[in-house]
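In what follows, a single structure is set out as structure tokens and then discussed.
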Amino acid sequence: MEGFRKTYFTVGLEYLILIYADLYRGVVKGFVHLIVTVGVVIFALGVVGMVPGVMSWLEQLVLPIILSFSFWSGIIIFGLCGGVKLFCSKFVVKDVVPILGWMINSIEMVSVCARPVVMSVRLSVNMILGAMVIFTLGAMFVHFGSIIFLVALGLFFLYEIGVCFFQSYVFVMLLGLYMSEVGWSAESWMCSLLECVPWECEVYFKW
């Protein structure tokens with residue numbers, strides 16, 4: 001942001017974007033832009049939800065579920081586009097006893113299918129509980145008029161801002177990890193398709 005006037009907001013936003021951008025270093029270069037956008041939007045929605053009288057979209061179960069399932073299914077579809085065999089090989093344990101390998105692979109597939117549920121629950125529950133505590137402290141301050149509740153409200157408000165950032169950070173970090181697991185490049189996809197050795201792939205692409 002060298003061309004813009006430096007303010008605390010622009011500097012903070014720049015650091016926030018850099019933090020989100022460092023969460024993914026995979027082969028899909030454009031995916032980092034999606035991660036940054038999703039992280040900033042989730043953080044902004046979480047902060048807006050702490051305003052008195054405002055209910056954030058993240059506090060409703062619909063949006064976290066839609067976000068989790070849509071991004072997870074998109075990552076799975078992207079991985080399948082690189083080849084079903086290559087995609088399944090990333091979740092298969094090799095060089096083990098067949099019975100033990102079948103059990104481990106079944107557990108791994110169940111954990112993969114449970115990922116969107118875990119992401120949506122993690123994102124919504126923390127936001128709902130934080131908003132409930134803030135509104136409760138605010139109501140107690142209005143009712144009793146004690147300065148202690150006001151100080152507690154201010155401290156918990158700062159704490160919830162950190163929680164909003166942490167939740168957005170964890171959400172986009174999980175997206176980056178899931179994409180790193182299934183990410184594929186054109187060279188790896190062509191190599192798996194042609195079933196050739198690496199030096200043959202290099203000669204093929206140079207040709």
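Numbering (the UniProt record's numbering), first residue to last: 1 to 207. Backbone N, C-alpha and C define an ideal beta-carbon position, used for all residues, glycine too.
- Message: Can you tell me where the alpha helix (DSSP H) holding Thr7 begins and where it ends?
- Response: Segment: none, Thr7 is in no alpha helix (DSSP H) and carries neither H nor E.
- What is the rounded straight-line gap between the Cα of Cys201 and the Cα of Ala131? The pLDDT assigned to Cys201 is 42, lower than 50, so where the model puts this residue is not dependable, and the model offers no usable value.
- Just confirm the distance between the C-beta atoms of Phe31 and Tyr24, as a whole number of angstroms; I'd bet it's less than 8 Å. With 8 Å as the limit, Phe31 and Tyr24 qualify as a contact, their Cβ atoms being about 6 Å apart.
- Query: Is it true that the stretch 164 to 178 meets the stretch 41 to 57, where meeting means three or more beta-carbon pairs spaced less than 8 Å apart?
  - Reply: yes
- Helix or strand or just coil, what does DSSP make of Gln60? Coil.
- Thinking C-beta only, is Glu181 closer than 8 Å to Trp90? Reading off the sequence, residue 90 comes out as Lys, not Trp. Contact: yes.
- Query: I think Ser111 touches Ile65, with their Cβ atoms under 8 Å apart; what is that distance to the nearest whole Å?
  - Reply: The pair is not a contact, with the Cβ atoms about 18 Å apart (cut-off 8 Å).
- Going by alpha carbons, who is nearest to Val125 out of Leu34, Gly79, Leu63 and Ile17? Leu63
- Task: Have a look at Phe9, Leu16 and Gly101 and flag the residue whose alpha-carbon is nearest the alpha-carbon of Phe165.
- Result: The option with the nearest alpha carbon to Phe165 is Leu16.
- Coil, strand or helix - Ala152 by DSSP: helix
- Item | Ile134 vs Phe149 beta-carbon contact at 8 Å | no
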